[in-house]
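If you count the sequence shown from 1, you need to add 1005 to reach our numbering.
Read through the structure below, which is laid out as structure tokens, and then see the notes.
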Amino acid sequence: MLDRGVEDAKFLYPYYCFQEEGYAVDIVASKAHETYLGKHGVPFTSDLSPDDVKIEDYDVLIIPGGRAPDRCASTKV
């Protein structure tokens, strides 16, 4: 789950590590198919919104640091 102001490295590191291990990774943000800028200007495009997620279909939920956790705290997952 990410939002504006996500700490870029705290998103990118687990994102690519999970992919390298063969996991399918979905980027969830407030709105699906939107581009969000990280704290240092890296753009990330979401795949899904929280309404699109069935939590039972996932093994892991990662909420990276930066200002994003505060912004998505009120979003249901």
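The beta carbon of each residue, even a glycine, is placed where N, CA and C say it ideally should be.
Ala-1014 sits in a helix when the DSSP states are folded into three classes. Pairwise C-beta distances place the segment 1021-1029 out of contact with the segment 1042-1062, as fewer than three of them are shorter than 8 Å.
Short of 8 Å from the beta carbon of Ile-1032, and not among the five residues preceding or following it, lie these beta carbons of its own chain, in chain order: Leu-1007, Tyr-1020, Phe-1049, Thr-1050, Ser-1051, Asp-1052 and Leu-1053.
Secondary structure at Tyr-1021: helix, using DSSP grouped into helix, strand and coil.
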